[in-house]
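Student:
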Amino acid sequence: EQPSVYLARPCQYVMPATGCSMKYWTSHRYAEEVVVATSEAISQIKKRHGVQKLELFGYSGGAAIAALVAARRDDVTRLITVAGNMDHEYWTAYHNVSPLSGSLNAADYAGQLQMIHQIHLVGDEDVNVPLEVINAYLNRIDRTGKVSVHEIPDYDHECCWAENWNRLLKIYVN
């Protein structure tokens, strides 16, 4: 069993009034400084726990952060995404919303990521980050045996990941 780090994007689980700059909630959610800070935090976690290699988990926007961090490191053995926004350019066009102008796009790093073992879990009822978003990312990589996508029946963007997490890990990850 590999040590793991679970990543969220900035401001994902806090209200903007708690000191989160609005740009990190909107246009800069995957900005260079976010990726650098996250990577530094991971290095501190590794040092604190004496870990050499690890796997990264990311949910929703945290999947993009995990991917962007993994693309820069040589110590990530697996990237596991859940309802992951792996191509924000496709995602913003799909939803007809403002582009994330200050953000890096995980899909632009597909070449660096294709050698990392990846597991992508997508809910078949997810209208926020539907399968088309992960497919837009996958279209930019060579589909080797290192990449798998699992569309989970009756799951949407929020239901039912947390309450079934242990079962999902056993089936798709472990």
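This note's numbering puts the first residue of the sequence shown at 2, with every later residue one more than the last.
Yeah, the Cβ is synthetic: ideal placement off N, Cα and C, and Gly gets one too.
1) Going along the chain, which residues of its own chain have a beta-carbon closer than 8 angstroms to the beta-carbon of D125, five neighbours each way excluded?
2) Here's the rule I'm using: 16 or more other beta-carbon atoms within 10 Å means buried, otherwise exposed. How should A42 be labelled?
3) Is the separation between the beta-carbon of L69 and that of Y25 shorter than 8 angstroms?
4) In the DSSP assignment, the beta strand (DSSP E) including G59 goes from what residue to what residue?
5) Between the beta-carbon of L80 and the beta-carbon of L55, is there less than 8 angstroms?
6) At which residues does the alpha helix (DSSP H) containing G112 begin and terminate?
7) Using DSSP bridges, identify the partner residues of V83.
8) By DSSP, does V35 sit in helix, in strand, or in coil?
9) Kindly indicate which three-state DSSP category Y7 falls into: helix, strand or coil?
10) Between the alpha carbons of G85 and V134, how many angstroms are there, rounded?
11) According to DSSP, I153 sits in a beta bridge with which residue or residues?
Tutor: Result, derived from the coordinates:
1) What you label residue 125 is simply residue 124 of the sequence shown in a count that begins at 1. L132, E152, I153, P154, D155, Y156.
2) Residue 42 sits at position 41 when you count from the first residue of the sequence shown. Classification of A42: exposed, given that the 10 Å Cβ count is below 16.
3) As a working note, residue 69 is residue 68 in the sequence shown. As a working note, residue 25 is residue 24 in the sequence shown. Not a contact, by the Cβ cut-off of 8 angstroms.
4) Stepping through the sequence shown from its first residue, residue 59 is reached at position 58. Note, G59: beta strand (DSSP E), 55-60.
5) For the purposes of this step, residue 80 is taken as the residue at position 79 of the sequence shown. For the purposes of this step, residue 55 is taken as the residue at position 54 of the sequence shown. Going by C-beta atoms, L80 is not nearer than 8 angstroms to L55.
6) Residue 112 sits at position 111 when you count from the first residue of the sequence shown. Note, G112: alpha helix (DSSP H), 111-114.
7) On the sequence shown, residue 83 is found 82 positions in, with the first residue counted as 1. Y60, L122, per the DSSP bridge assignment.
8) The residue labelled residue 35 in the question sits at position 34 within the sequence shown. V35: helix per DSSP, three-state reduction.
9) Walking along the sequence shown from the start, residue 7 turns up at place 6. Strand at Y7.
10) Start at 1 with the first residue of the sequence shown, and residue 85 comes out as number 84. Start at 1 with the first residue of the sequence shown, and residue 134 comes out as number 133. Straight-line Cα distance between these residues: approximately 8 angstroms.
11) If you number the sequence shown from 1, residue 153 lands on position 152. DSSP output for I153 lists G124 as bridge partner(s).
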